[in-house]
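Using mature numbering (1 follows the signal peptide of the UniProt record, and there is no 0), the letters of the sequence shown correspond one by one to residues -18 to -1, 1 to 361. Quick reminder that beta carbons are idealized off the backbone N, C-alpha and C, glycines included.
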Amino acid sequence: MRKIVPLLLLLLFSRAAAAQDAVADTLKAMIDREEYDKVISGYAPVATGLSAKAVYAVSVAFYGKEQVDSCLKYADLSIKKDQHYAKPHNLKGWLYNYLGKHTEAVDEFKEAIRIAPDSADYHNGLGESQYYLKNYDLSLESFKKSTTLKNAPARSYMMIANIYSERGQQKETIAALYDAKTNIGKEEEEYPRALFNIGQLEYLEGNYGPAESALTELIQLTPDDYHAYSNLIQVYYARGEYEKAKPYKDRLYDAHKKELLKDNMKDMFCFDQFKWKDHTVQVFERYEEGPSKKIFNKHLFYVVDKADNIVMRIQTEYSPFSVELDGIKYILCGTKGTTHLNYGIGFNDDLKYTDLKAAVVKILDKGIDPAASTTPANK
């Protein structure tokens, strides 16, 4: 009899554990469906009788409802029930990050890692906390560790690139982005971001082939990423392949007509950048077209210094008066401070960009003087 009783108790315990696991599985499914209120109302009142996993699910429901104190309460109860269960420590870590208590978050993630050292998620969480604390070396170490483990979060790869970028380590940033591209699934939101950043950085490095490859893949993947169109156009202009850029410019004009563009792209897009002495010249094109009864700017060359200040702008201005007389459409003008400059050079829609750019550079080199200038009188 003495042998049977312990065996019976063991069987009952096993069945109870299985039942508890079933409850935890049920709660997990409810959490996945974001049925937080049902989880809270149905299981929080009886949490003391639930398993650590089930109580953890209750704490997650409170997290989903942004009820901080209750989330912490049930996470602590889960830990009390099973001190070898890492998930509530991970949850507390993220909650503390959310609250700005990053030092406390570090402690929770470290405890989660102590219990489950092979979890990429926990190392990723620790990397986040260290990053917020500006412990960038420790943060980088944690993110790198995360990427060596199974099912590493895409964010770990992107944060490695981000830290290198903030340090101004361009080559390491690009290498990290390629590593992200290789290891992140195409269905994850970080994958297009990696492509965009690769395209942008390769372009700035003068590596136009890799930039084109990344941006064309990005556009195929997310055809409504209109910033990628602008960047790809810049790649083609940098290589002098203006005809390749035309279909993408046409798509931007079409998107503008359909009111699909947002923010700074609603009015114009950047299609070229080039260096002039120690300045960067950023070139934009506005969607507005004639015929019109008013003057408007079409192409704008912003001359930007090292401090990112616009020191001058040169632009083509639509001239309704000239058009009425069957003359040229656009006059090359400039704006410096409050002074408007007219250089007396005209262009039409069939202008060659090489000619326009050459005229702008000549103006910057003081090779062309303004034919007229006006400055508003002080009142």
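Whole-angstrom distance between residue j and residue i, CA atom to CA atom
| i | j | result |
| --- | --- | --- |
| Gly181 | Val50 | 41 angstroms |
| Lys311 | Lys240 | 26 angstroms |
| Asp260 | Thr155 | 24 angstroms |
| Leu177 | Thr356 | 46 angstroms |
| Val305 | Asn279 | 15 angstroms |
| Asp7 | Ala36 | 8 angstroms |
| Ala26 | Lys47 | 13 angstroms |
| Glu93 | Ala68 | 7 angstroms |
| Val263 | Val217 | 15 angstroms |
| Gly349 | His105 | 60 angstroms |
| Gly75 | Ser52 | 15 angstroms |
Three-way DSSP call (helix, strand, coil) for residue i in this model
| i | result |
| --- | --- |
| Asp100 | coil |
| Lys280 | strand |
| Ile345 | helix |
| Asp7 | helix |
| Lys62 | helix |
| Asp308 | coil |
| Ile201 | helix |
| Asp331 | coil |
| Arg233 | helix |
| Glu270 | coil |
| Thr298 | strand |
| Asp254 | strand |
| Ser23 | helix |
| Ile313 | strand |
| Gln182 | helix |
Burial state of residue i, where buried means 16 or more other Cβ atoms lie within 10 Å
| i | result |
| --- | --- |
| Arg149 | exposed |
| His66 | exposed |
| Ala353 | exposed |
| Thr298 | buried |
| Leu338 | buried |
| Ala340 | exposed |
| Thr129 | buried |
| Lys127 | buried |
| Ile296 | buried |
| Leu323 | buried |
| Glu184 | buried |
| Ala193 | buried |
| Ser274 | exposed |
Cβ distance (whole Å) where residue i is taken to contact residue j below 8 angstroms
| i | j | result |
| --- | --- | --- |
| Ala102 | Asn133 | 6 angstroms |
| Ala266 | Ile215 | Note that residue 266 is Phe in the sequence shown here, rather than Ala. About 11 angstroms; that fails the 8 angstroms criterion. |
| Arg221 | Tyr173 | Wrong, their Cβ atoms sit about 26 angstroms apart, outside the cutoff. |
| Ile13 | Val42 | 5 angstroms |
| Ala258 | Leu186 | Residue identity check: residue 258 is Trp in the sequence provided, not Ala. Incorrect: roughly 16 angstroms between the Cβ atoms, too far for contact. |
| Phe91 | Gly107 | 5 angstroms |
| Ala143 | Leu159 | 5 angstroms |
| residue 371 | Tyr224 | Look at the range of the chain in this structure, -18 to 361, and you will see that residue 371 is not part of it. |
Among the options, nearest to residue i - alpha-carbon criterion
| i | options | result |
| --- | --- | --- |
| Arg137 | Thr204, Lys62, Ala162 | Ala162 |
| Gln112 | Asp100, His84, Arg96 | His84 |
| Lys276 | Tyr300, Ile296, Ala289 | Tyr300 |
| Glu16 | Ser33, Thr30, Ala39, Ala34 | Ala39 |
| Met250 | Tyr269, Phe256, Lys244 | Tyr269 |
| Asp236 | Tyr224, Tyr211, Thr30 | Tyr211 |
| Pro358 | Lys248, Leu203, Lys318, Ala98 | Lys318 |
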